[in-house]
Structures are given as structure tokens and as C-alpha cells.
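Engineer:
Number of protein chains: 4
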Amino acid sequence: MSSIGFVGPGIMGAPMITNLVAAGHQVLAYGRSEMSCTRILAAGAQVAGSPAEVADGADLVITMLPDTPDVEDVLGTGGLAAALMPGQIFVDMSTIRPDTTRDIHHSLAERGIMMLDAPVSGGEAAAHEGTLSIMVGGEASALDEAREVLECLGATITHVGPAGAGQLTKAANQLIVAANIQAVSEAIVLLESAGADLTSALAAINGGLAGSTVLTRKREAFINGSFEPGFRITLHNKDLRIVCSAADGAGIALPMTALVSQLMVAAVAQGLGHLDHSALLTLIRTCNSSH
Amino acid sequence: MSSIGFVGPGIMGAPMITNLVAAGHQVLAYGRSEMSCTRILAAGAQVAGSPAEVADGADLVITMLPDTPDVEDVLGTGGLAAALMPGQIFVDMSTIRPDTTRDIHHSLAERGIMMLDAPVSGGEAAAHEGTLSIMVGGEASALDEAREVLECLGATITHVGPAGAGQLTKAANQLIVAANIQAVSEAIVLLESAGADLTSALAAINGGLAGSTVLTRKREAFINGSFEPGFRITLHNKDLRIVCSAADGAGIALPMTALVSQLMVAAVAQGLGHLDHSALLTLIRTCNSSH
Amino acid sequence: MSSIGFVGPGIMGAPMITNLVAAGHQVLAYGRSEMSCTRILAAGAQVAGSPAEVADGADLVITMLPDTPDVEDVLGTGGLAAALMPGQIFVDMSTIRPDTTRDIHHSLAERGIMMLDAPVSGGEAAAHEGTLSIMVGGEASALDEAREVLECLGATITHVGPAGAGQLTKAANQLIVAANIQAVSEAIVLLESAGADLTSALAAINGGLAGSTVLTRKREAFINGSFEPGFRITLHNKDLRIVCSAADGAGIALPMTALVSQLMVAAVAQGLGHLDHSALLTLIRTCNSSH
Amino acid sequence: MSSIGFVGPGIMGAPMITNLVAAGHQVLAYGRSEMSCTRILAAGAQVAGSPAEVADGADLVITMLPDTPDVEDVLGTGGLAAALMPGQIFVDMSTIRPDTTRDIHHSLAERGIMMLDAPVSGGEAAAHEGTLSIMVGGEASALDEAREVLECLGATITHVGPAGAGQLTKAANQLIVAANIQAVSEAIVLLESAGADLTSALAAINGGLAGSTVLTRKREAFINGSFEPGFRITLHNKDLRIVCSAADGAGIALPMTALVSQLMVAAVAQGLGHLDHSALLTLIRTCNSSH
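Chains as they are written, first to last, in UniProt numbering: chain A, 1 to 291; chain B, 1 to 291; chain C, 1 to 291; chain D, 1 to 291.
Okay, structure coming up:
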């Protein structure tokens, strides 16, 4: 049984806290909004007065926040970084920029604090079921210590490399998902142009080398045009900004990534941001029809 | 038991003939090269002296040829079209241009001959095992008659729409495969830039929404850089020419398809054409390294 | 003074005939429509009854037709190819596919007939003024003989290489124009996002290394959103099909060309085909705004 | 006659100081390196001990620095921002991020200090000749006061809009130049594939709607493959990072910009960074040839 500090009881974070408490861990959590308090208490955890406070007596501190600046705020202005003590492990499960992640790793390491970057995939459903896929970057020894806690949250916990590698793997994941959705969307527009039966054609396609989890899970959405999220285009757009900035930082040209990234920006600009990312189909259809 | 005419006893066609004979069908086949004769006899079929001859007494005539001009040649110069009789069914299992396919459908239909366009996926292995995935365009009634024969060749036979829809579905399939390979290749270059552990990162990625048959089947090739075909880049390039020409014909803009299609052309230009299509990874690596 | 056969008295062709007649040449011309007759007579030329007939007694035969199949029709079904005699020079001033051009060159050469491919730029205005820019592919000796006639039509006549090189140079020209229009359009969308003064910003840009004839001639159209043609998007789209097919035939990857080509297709699909090609600006604006 | 503070006596900055002194202005300048001192003295100006010091008694302070962080450093750590006094005008002639520029404008405005963002085009030669093209963002009244000084440096001084509009116009300029170079490069590869005569084909192209300053000034470089800078690929790459980040910040999708930006990254990755930006031609040639 561990003492766990937690910042970020949101749509993903709240069910994660519930799972930690259910596994017998003691959780002290902080959230900015009033609703956060309600969520924390409902999850069976205790409410902290500030980000810094959650570090108090914790074996492990977890953050689960929307974007890079949120993590920087909680650590800096929120005082969490200063409050962390040697021997404690800091696990950032947010999806943020790999370069920022590496900076945080290094500045904490100088003070004897080990960090893991541990972004997740699987979405809200997997957060509730405790079946997230967790991609972990950082020292293997830190993961050894944190593994028991992370196993309450995820079905697979994969050590993918040094500091930042978790974030980079998540970035790679998000670029593949976006490219896949776009590829299937273009295929659908092509199929429709010839009066092909979409349901049977996609079934045939999914049975061969073109098969994918995107096609399996999103086929109904594509066929019915039902794009309730799921995973919002605005969030995927944010993640692709991270991908592009990581590629930029590494001086790597990724032409397909750059293209799908522009298409995601256009989807947001066209007011599709609140829809599931499978609505890239709407964008390419609009692109090919008069208004 | 049917009488079957067959043109094209190549790498794919020869094992298909074997499977037809094994199922008890009588097969009369034609191939241009000397090796063709050997293959036809080895498969237990009889050798015809010309493409036209295979139609003689056939219930069903199958073609399995490399490219659009080959099918046109066999039907025109080879005399097969003229030799086909009302009541016979013509099944073209080659991967060719959908517009040409529709032209052939229509000109045969005027003479009372039903045609199916029935391109396949699954490759050489599936051709041997009789487990091809067959995408069929044309009249449902024609497929009803041909189905028993096609079931000797494929594990799934899907009617995907009217004349040309089979070819278009195959085209859609090939664009998704190419985009997927490119997306995974870009992800790998990104992962390598951060020293991520490729084996574990790709495993984690394949477990979530980014998972795909490409990632499952080609992961080893990507990791080890072993690009023996498999499916050659030159062939995939030919298929993407078909995709682009189909989109062109329909007046549809498919930006990601256009991009990956250019990358496939560049791969051929760089001398990678004889390698498996997963060698798009080599292209993007070359693109990002000094020579 | 020469005897000239002419096929294609259209928007470009009619004023070209007028200029030839004004220079003292004898012109026998053919056009398909009733309006063609009127135009030919108004230009001071004589009307032929068929494409073949214009070759009768001609020193030089000129075609100025909309697209590749039109040239093929006039030469084949129209009988012009068969009617041409050794010693006559055939000058195709249409913008068509370089590979078709080369085929025609070769089949005429076998019969002792020299051909020039001589597409033009400059548009309707330059056709009237006789100031077209003419890009000529073929034998230098053929150009020597044809030059005096071509000088009635164009201000600059440039020999750019062997058979097909004229068409390829025109193709290269059209890809640069399209890319330029798209680049300026993207620049404008960027400038508008920051409230920059478009008129002064474009003036400043045009004064430096980013300056271009597109920016000089189309600036007003861009600023005022007045997209009457000029050169129609449908025509530029046709020309970009030629560019892509030429690149395809040569096995060359041209990524930016492929992209702008898709954008031109999308512009047509969105119903902008009748507007001037500078209306690519409308496309990128639409792409970035909610409807 | 004005008192001018100047930070950044580099390849561009040094001849600018010379021109200011020649026009009778009193210049106090700071540079980090030892060579800076030599350059400042050679230009006839006085040497300051720190960035902050140049503000002392100045009517106008000019910075001409390589990149965004350099300007931030000089203003922050270097103490220049704190040293500026109400009534002084700050003119940043560096090419930096528009969002950073706007932040600096606003924070200086709060203290009564007016700022102009005034990036230039024209390169080293124009800096020496005092014929730079200067794109100015900020208050018109500030430009009124600074104009006489700027006229010693540039041939055209254009007020293009509010704070940041100067940087954005420069960004727009750089994206057009890059797209133009890439378009011409792709055209050249296409022309070479058909054995066209490059010199005459480019001359013909430059005479029509495809004409551009890039084609005029860089034609020799393209034809001879002589890519000594001029303007380095590394610098253009930096500028395209600014363009992409400005588009990102504004939520605008610019597909062609994104593509050419990836090509510039690839050029750097392939070790071409030290060459003139016209060496994008080398990239597309490499892309289309086996090694």
C-alpha cells in the first residue's frame, strides 16, 4: 500500500483516482475547480489545498493534466516541484512535449528525485476499467518502484526508453492514428465515387493487410457519420502540435505527419473541433464537394 | 464441377490453377512464356495455344495478369473477348484500372456476357493456401454462379458493388496499406531520434488505437531492416498509379494519397523497387540523413 | 508568303488566324462548330470541309485544340495525319501530353513529315496582339522553316529541345504558375490573420526576392477578390493532369506539384472551375473557415 | 541627426552601422564577440559595454540579431528592456517570431516606449548599399519619427500594419520564396527528364506568367549547380519555423507551406544547410536518383 499524491482529477484523472483507492492506496489529490473537490471525495480520496501539498508524505506523485503549460504551472507556480523530496517518484501521465519532459526530468534528477513520463492511450473507457496502455520513459529502477501502482491503472505498462521516450512513443502513436483515420477517410471518398457498398467494402479491406484498429473501432462511425467523441479533434490537434514540435526539435522531416497535421488544423478551423477525430472524413468530403 | 479457362499462370495464377484442379474442376490455361506451360502442366491443367482458345467450352474464364495493358492485350490482340460466348462468365482477378474494367464490363454486356472484376489481396501465400480475400464487382447473379469456383481460391468473397467496384475496393485497400506503412515509418524515425526502444515502443503502439495488420505483420521487417518481398515497391507503385488515376477520373482530391504516391515513386527512383513495400522506411531514413 | 492549314479557330485560334492573314499568309481553316465558319471567314481565311482538307497545298499545318484527345481525333478520325505529305511541316500549338506528342512526332517522321510541338503562353490577349510566348520542341531545321510564320503569332519563339520538349516546357511553366498562386494565397491568409495591410504588404513582398509576375498581374484580383478569368481553373486543372502524367511517365516524384495539383482538383470539385486560377485563394480561405 | 543605439554588428548589422554613421548619425553599438568591437570601430561608431548601455542618451535603439532567443536575451539578461526610457523608440530589425514580437511591443508600451518590428529583405548586398526592403509593423507615429533613420538603411520602407505585422510580412515573404525555389526545382527536374535545353526553357518560362525574381536571380545557380550562399538553407529553415509557428498560433492550415517547410528540414538533415537556398534543387534531384 502506497501514499499517493495526485494532481488533475479530470475526465481521465478522476476514474484513475477511484482505481487507486479501490486497490487500497491512500490518495491525496488536488484540482483547480470546485467540481474537482466533489470528484476527489467521490473517488474516496482526500482533498489537498494546493499542488505542493499533495507531495506531503507521498511515496509517489502523479499528474494527469491537459497540456504542457498546465504541467509547468503545477510544478512551478503551484509549487509541486519545490515540494518534491529526494526518494519520492514523480510520474507525469499527461501527454505533453518531450523536450519539456526531458527538462523536468533533468532538473528533478539534480535534486535526487526520479521522474517517469508515462502518457496513456485507451481513453476514458480504459481509465474507468483500469486498462490503459501506459508508455513509460525514464529509469528502469524508478519504474520498478512505481509498477505496482501503475498496474492499478493500466493493462499494459511498457518501458520504452529513457526520459522523454514515453512522450515520444505517445506522439508516434498519435501520428499513426491520425494518418490511419485520414487514409481510411480518403479510401471512403474514393469508394463512394464508384457507388461501392461501403459496409462490405470496408469489411473486405479490414480483413487484409489494410486492416487496423481504427477500421475495426471506427467503422460504424464512418459509415453512419456519427462523430460524437470519443477523442476530440481539438485534442488530437494539440497532440499533433506536440508531434510536429518533437520532429522539429530533432531536425527530422516527416512529410505525411506534416500533411495530416495541417488537415487537423483545417478541421478545427472549419468548426469540427468538438467532434471525434474520425470526423476527418467530413473534412475530406467537404473538400470534395461544392457548398 | 466446372470447365474453367484461365489466362496468366504466374506467381499468383499458378497456385490458383492448382487449387482449382484440386477441387475437381477442369482447367484449360494459357501463358505466354515457356515456363507457363511447365507450370500449367505441373498444376494438373491442360495447355491452350492462345488466350482465345481457353474460352472453348468454358463455363467460366479467369484472367490473372500483371497490369491493365496485359488484360487489354489478352482480350483484344489475344482474341479472348471475341471468343467469349453469351452465357459464359468472365472473371478478371488482376488488379487493373477501374475505368478500363468498366469499359470491358460494358462491351461484354452488350454481347450478353457477364463479367466480374475480382481482384485479390493476401499475396502469394494466400494464393497457395486458397485463402485469398476476393473483392467482387459486378452483377450479384454472376457472382452467384461463380461463387463455388471462387471459393476454391479465397477464404472471403465479398460482393462490394457494381462493375468496377471490386477494382476500386482494391485501390482503396492499397492506398490504406501504403499510408499505414508510411505512417509507421515516420513514427519509427521519430522514435529513433529519441533513443526509444523500438521493439517495446512498437508493441505498446500496436496494442492501442494505432494498431494495424501492417504493424503486426511487418514489425520484424521494420525493426531488423529486412525488406525481402513480400510485396514489391514496384508493384505497389503500379497500384498507386491506378488509385491516382481512379481519383483523377472521379475528380476527387485525395491529398494524403497523392503524397504517399509520390514517396512510392521516389522509392522506385532511388532503386528500392525490388524491395518489400515496408522499405518506405529506408526512403524516409535516407531523406533524413546525410550521405 | 506561305500557304497555311489551320485546325481549331477557337478563342485562341481565331485571333491567331487573323494575325496570319494580316501578315499576308493564305489560310485554309477547319472548325467543328457552325460558329467556327463565321470566325474563319471573319478572320479573312477560307473554310475547309474537314481536318484532312486543310493539308491540301499547305506549306505548314497548325493545330490549336483544347486537349490531347482532340488532337488525336483530328489526326486520326479527322484524317489529317493521313493527308499530310512529306515536306509539309506540322505544328501543334495545343497544350497536350508530351508522351502523345512524341508518339505523333515519331509516326509522322517515319513518313518524312516534320513536326514541331509549339504550345504557347500569354493567353487570349497575347493571341490577339500576336505576342504569345511560344515554346518549341522538335528539329531545329523544322523551326527554321516555320519561324517566319510563328513570328506572326508570338513575340518570343524559343527552341527548347527535341520532340516533346515544347510540351514539357509548357508543363513546367504551368506547375510553376500554380505553385506561385498557391504560395501567394497561403501568404495572404497568413497576413490576414494578423491584420496586416494587404495592399502594402504585397507591394513590399513583390519588391524583393519573393516578387513574381503572378504577384504583379494578379495582385488586384487577390486583394479585391475579383476572379473573372483570365485563365480558368478547369483549364489549369487539365494542364496539371498533363504535368502529373508527364512526371509519372518519367518516374519522377514531384511532391509540391502533386500537392498543388490536388488543390486544383479540389477547387474544381468545390465549383470554382469557372473562375480564374487566382481563385485558389478562395479554396485556402474556405479550408480555414467554418461554413 | 540622431543618437542611435545598436545591438548586433554582424554580417547584416555592420554595414547598416556604416550607413548610419555615413549619414551623420551618432551610433553607440554593442556586440558579444571580439570581432564585434573591431567591426563597430571600423564602421566609425562607438563601442558600448553592454546591451543596456546603448540605450543611454539614444533617440532610437536598433537591434539586428540572428533569432528570437537572441532578441529575448538582449532585452532581458542584457538589460536593454529595463534601460529603455519613455520617448525612446525601439526598432527590432531581426527576423523573429511574430508572437514574441507582439509580447515585447505590449510590455514596452505599458512603460511608454514605442516599438517597431522592422525586418528586412535584400540580404548582405542590400545592407551594404543601404537598399534593404524594410517591412514595418507598429504605430504609424513611431514610424514617422524613425523614418529618417530607416531611410539610411533601406530603399523602400513600408508600413504594413500593427505590432507584429512587419514580422508576419517577412514570414509571408519567406514562404513565397521557398515555394518558388521548390517549384522551379521541380520544373527543372521535369525538364531534364525530357532532355529539354534548360537555359532556353527557363528563359521562355521566365518571360511569361511563371516569371519571378527567383528565376531571374537564381537561374545561373540552378543551371550551373553553383550554390554558394547567398542565403543559407539553415537560415531559411529557421525562418520557415517562424512561419509555421505563426500559422499554428493563428490556427491556420497552410498545406504547401507545411510541405516546403519539411523539404527545408530534409535539406538541413542531408547536410545541405550551408548552401544557398536554391540548393533545394539538389534535394529533389537526390530524391529522384539512386545513390
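Backbone N, C-alpha and C define an ideal beta-carbon position, used for all residues, glycine too. Since this is a predicted model, take the numbers as computed values, not measurements.
1) Assuming C/ALA201 and D/SER133 make a contact with CB atoms under 8 Å, what is their CB distance in whole Å?
2) Helix or strand or just coil, what does DSSP make of B/GLY87?
3) List the endpoints of the continuous beta strand (DSSP E) containing A/GLN26.
4) Report the option in B/LEU116, B/ARG39 and B/ARG32 whose CA atom is closest to the CA atom of B/THR77.
5) Please give the ranges of any beta strand (DSSP E) in the stretch 129-156 of chain D, keeping only runs that are unbroken, at least 3 residues long and fully inside the region.
6) Who are the neighbours of C/ARG217 on chain D, taking C-beta pairs under 9 Å?
7) Taking only beta carbons into account, state which residues of the stretch 135-146 of chain C come closer than 9 Å to chain A, listed in chain order.
8) For the alpha helix (DSSP H) containing A/VAL184, list its first residue and its last residue.
9) Give the secondary structure of B/HIS274 by DSSP, where H, G and I count as helix, E and B as strand, and everything else as coil.
10) What do you get for residue 328 of chain B, buried or exposed, if any count of 16 or more other CB atoms within 10 angstroms of its CB means buried?
11) Give the list of continuous beta strand (DSSP E) stretches no shorter than 3 residues that lie fully inside the stretch 34-84 of chain A.
12) Just mark A/ILE223 as buried or exposed, buried being the case when its beta carbon has 16 or more other beta carbons within 10 Å.
13) Determine which residues of the stretch 221-241 of chain B have a Cβ less than 8 Å from any Cβ of chain C, and write them out in chain order.
14) Is there a Cβ of chain A sitting closer than 8 Å to that of C/ASN180, yes or no?
15) Output the distance between the C-alpha atoms of A/ASP239 and D/THR282, rounded to the nearest integer angstrom.
16) So what does DSSP say about D/ASP117, is it helix, strand or coil?
17) Put B/PHE227 into one of helix, strand or coil per three-state DSSP.
18) Quick one: list the residues of chain A neighbouring D/ILE252, beta-carbon separation under 8 Å, in chain order.
19) Of all the options B/GLY24, B/ILE104, B/GLY137 and B/CYS287, which has the alpha carbon lying nearest to the alpha carbon of B/ALA165?
20) On the DSSP letters alone, give me the boundaries of the alpha helix (DSSP H) that D/GLY13 sits inside.
21) Can you tell me which residues form a DSSP beta bridge with A/HIS159?
22) With 16 other CB atoms within 10 Å as the buried threshold, where does D/GLY13 fall?
23) Near D/GLY5, what residues of its chain come up, given a Cβ to Cβ distance below 6 Å and the 5 sequence neighbours on each side ignored?
24) Taking 8 Å as the cut-off, decide whether the C-beta atoms of D/GLN167 and D/ILE104 are in contact.
25) Go ahead and label D/SER226 buried or exposed: buried means 16 or more other beta carbons lie within 10 angstroms of its beta carbon, across all protein chains shown.
26) Chain A beta carbons: is any one of them nearer than 8 Å to that of C/CYS244?
27) Would you mind giving the Cβ-Cβ distance between D/ALA176 and C/ALA82, rounded to the nearest angstrom? I have them listed as a contact below 8 Å.
28) For chain B, find out if any of its Cβ atoms is closer than 8 Å to the Cβ of D/ASN173; answer yes or no.
29) What residue range does the alpha helix (DSSP H) around C/SER261 cover?
30) Where DSSP assigns a beta bridge to D/SER212, which residues make up the other side?
31) I'd like to know if the stretch 143-162 of chain A and the stretch 107-126 of chain A are in contact, where contact means that at least 3 CB-CB pairs between them fall below 8 Å.
32) For B/LEU65 and B/VAL7, which I take to be in contact (beta-carbon distance under 8 Å), what is that distance rounded to the nearest angstrom?
33) Mind pulling the chain D residues with CB within less than 7 Å of A/ASP248?
34) For chain B, check one thing: does any of its Cβ atoms lie closer than 8 Å to the Cβ of C/GLN46?
35) Spell out whether any CB of chain A is found under 8 Å from the CB atom of D/PRO255.
36) Does the beta carbon of B/ASN288 come closer than 8 Å to any beta carbon on chain D?
Structural biologist: On the basis of the supplied data:
1) Sequence index remark: in the third sequence, residue 201 of chain C carries index 201 (1-based). Sequence index remark: in the fourth sequence, residue 133 of chain D carries index 133 (1-based). Not quite, the Cβ-Cβ distance comes to about 12 Å (not below 8 Å), so this is no contact.
2) One-based indexing of the second sequence puts residue 87 of chain B at position 87. If DSSP states are grouped into helix, strand and coil, B/GLY87 belongs with coil.
3) If you number the first sequence from 1, residue 26 of chain A lands on position 26. 26-30 is the span of the beta strand (DSSP E), which, as asked, contains A/GLN26.
4) As a first step, residue 77 of chain B must be located in the second sequence, where it is residue number 77. Of the listed residues, the one whose Cα sits closest to B/THR77 is B/ARG32.
5) 132-137
6) As a working note, residue 217 of chain C is residue 217 in the third sequence. Within chain D, the residues near C/ARG217 are LEU209.
7) none
8) Within the first sequence, numbered from 1, the residue matching residue 184 of chain A stands at position 184. It spans 165-193 - the alpha helix (DSSP H) in which A/VAL184 sits, taken as one unbroken run.
9) Along the second sequence, one-based indexing puts residue 274 of chain B at 274. If DSSP states are grouped into helix, strand and coil, B/HIS274 belongs with coil.
10) In this structure chain B extends from 1 to 291, so residue 328 of chain B is not present and cannot be described.
11) 60-63
12) The residue you call residue 223 of chain A lines up with position 223 of the first sequence. Its Cβ having fewer than 16 others within 10 Å, A/ILE223 is exposed.
13) ARG241
14) Sequence index remark: in the third sequence, residue 180 of chain C carries index 180 (1-based). Not an interface residue.
15) Against the first sequence, residue 239 of chain A aligns to sequence position 239. Against the fourth sequence, residue 282 of chain D aligns to sequence position 282. Whole-angstrom Cα-Cα distance: 33 Å.
16) Here residue 117 of chain D is taken as the residue at index 117 of the fourth sequence, counted from 1. Correct three-state label for D/ASP117: strand.
17) Numbered from 1 along the second sequence, position 227 holds the residue referred to as residue 227 of chain B. Residue state, collapsed to three classes: coil.
18) On the fourth sequence, residue 252 of chain D is found 252 positions in, with the first residue counted as 1. Correct list: VAL265 and ALA269.
19) Within the second sequence, numbered from 1, the residue matching residue 165 of chain B stands at position 165. Nearest of B/GLY24, B/ILE104, B/GLY137 and B/CYS287 to B/ALA165, Cα basis: B/GLY137.
20) Translated into positions along the fourth sequence, residue 13 of chain D becomes position 13. Counting along the chain, the alpha helix (DSSP H) containing D/GLY13 begins and ends at 13-22.
21) Residue 159 of chain A sits at position 159 when you count from the first residue of the first sequence. The partner list for A/HIS159 (beta bridge, DSSP) reads A/VAL136.
22) Position 13 of the fourth sequence, counting from 1, holds the residue named residue 13 of chain D. Burial call: buried.
23) Here residue 5 of chain D refers to the residue found at position 5 of the fourth sequence. Here the set comprises LEU28, VAL54, ALA55, ALA58 and VAL61.
24) Taking the first residue of the fourth sequence as position 1, residue 167 of chain D is located at position 167. Taking the first residue of the fourth sequence as position 1, residue 104 of chain D is located at position 104. Against a cut-off of 8 Å, the Cβ pair of D/ILE104 and D/GLN167 comes out as no contact.
25) As a first step, residue 226 of chain D must be located in the fourth sequence, where it is residue number 226. Flag for D/SER226 reads exposed.
26) Indexing the third sequence from 1 puts residue 244 of chain C at position 244. With 8 Å as the cut-off, C/CYS244 does not count as an interface residue toward chain A.
27) Working through the fourth sequence from its first residue, we reach residue 176 of chain D at position 176. Working through the third sequence from its first residue, we reach residue 82 of chain C at position 82. At residue 176 of chain D the sequence reads Ile, which differs from the Ala that was named. Between C/ALA82 and D/ILE176 the Cβ distance is about 50 Å, and since that is not below 8 Å, they are no contact.
28) The sequence position of residue 173 of chain D within the fourth sequence is 173, counting from 1. D/ASN173 does not count as touching chain B.
29) For the purposes of this step, residue 261 of chain C is identified with residue 261 of the third sequence, where counting begins at 1. Segment 255-269, the alpha helix (DSSP H) holding C/SER261.
30) Counted from its first residue, the fourth sequence places residue 212 of chain D at position 212. Partner(s): C/SER212.
31) yes
32) In the second sequence, residue 65 of chain B corresponds to position 65, counting from 1. In the second sequence, residue 7 of chain B corresponds to position 7, counting from 1. B/LEU65 to B/VAL7, Cβ: 7 Å. Contact.
33) Mapped onto the first sequence, residue 248 of chain A falls at position 248. Under the 7 Å cutoff, chain D gives ARG241.
34) Taking the first residue of the third sequence as 1, we reach residue 46 of chain C at position 46. Closer than 8 Å: no.
35) Residue numbering aside, residue 255 of chain D sits at position 255 when the fourth sequence is read from its first letter. So, interface residue.
36) Within the second sequence, residue 288 of chain B is the residue found at index 288, counting from 1. Yes, its Cβ sits closer than 8 Å to a Cβ of chain D.
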